[in-house]
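In the working numbering, the protein residues as written are 3 to 199.
Even for Gly, the Cβ is constructed at its ideal location relative to N, Cα and C.
Input: a single structure, listed below in structure tokens.
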């Protein structure tokens, strides 16, 4: 494996790792939206959070090496399906006219944007600014989640301690997550109420 292939493999595993983390990002935290619209100063308004019935029902996620959601461009349809197809930005409407983007879907958008910056030629007028935003955003939500799931370490083959971490060691780790299906369902229901077909 040459240096380019090793770099792409590392980036792929980082993106997959971020995806796993994103699935668990909101474990134990409050749902929130960044609001816009009448009476909004474009700030977070936690008191009017978008509540999702069933989101706090625990879901177990066991990590695995998957053939899905890989880096190459041919996986674009799978990445697109992670967002809500009829509402790819994950925007919801509140009864008072304000709108907001659901954090989980914003995270998935950013994860895909970082992936695309590696494998797809730039289509944005300023792709670096978008990717920089996404790195900052993902860093923030990862820190917000403060996931404390322990991941196994392994000594070097000669028995020495070494760095103790290899990418394949997170395979099989089980995370307790919030119910992301409930978020998809509620966002889809909200969109259908505002834009009936």
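Item                                                                                                                                                       : Value
Alpha carbons only, please: which of 77, 53 and 123 is nearest the one belonging to residue 103?                                                           : 53
In its own chain, which residues sit with a C-beta less than 7 angstroms from the C-beta of residue 65, not counting the 5 before and 5 after it?          : 22, 172, 173, 174 and 175
Excluding sequence positions up to five away, which residues of its chain have a Cβ less than 6 angstroms from the Cβ of residue 81?                       : 114
Under 8 angstroms, with one C-beta from each stretch per pair, do the stretch 78 to 96 and the stretch 180 to 194 reach the 3-pair mark?                   : yes
Can you round the beta-carbon distance between residue 182 and residue 106 to whole angstroms, since I take them to be within the 8 angstroms contact cut? : 6 angstroms
Could you give the residue range of the alpha helix (DSSP H) that holds residue 139?                                                                       : 129 to 147
Which class does residue 73 belong to by DSSP, given the choice of helix, strand or coil?                                                                  : coil
For the alpha helix (DSSP H) containing residue 61, name the first residue and the last one.                                                               : It is not in any alpha helix (DSSP H) - residue 61 instead sits in the beta strand (DSSP E) that spans 61 to 64.
Using alpha carbons as the reference points, say which of 119, 98 and 89 lies closest to residue 108.                                                      : 89
For chain C, is any of its Cβ atoms less than 9 angstroms away from the one on residue 83?                                                                 : Protein chain content of the structure displayed is limited to a single chain, and chain C is not contained in it.
Could you give the first and the last residue of the continuous alpha helix (DSSP H) run that contains residue 189?                                        : 182 to 196
Relative to the ligand COA, is the shortest distance from any of its heavy atoms to the C-beta of residue 198 smaller than 8 angstroms?                    : Summarising the ligand content, the structure contains no ligands, and the ligand COA is consequently not present.
Tell me where the alpha helix (DSSP H) around residue 117 begins and ends.                                                                                 : 105 to 121
Taking the DSSP output, what are the residues bridged to residue 67?                                                                                       : DSSP lists no partner for residue 67.
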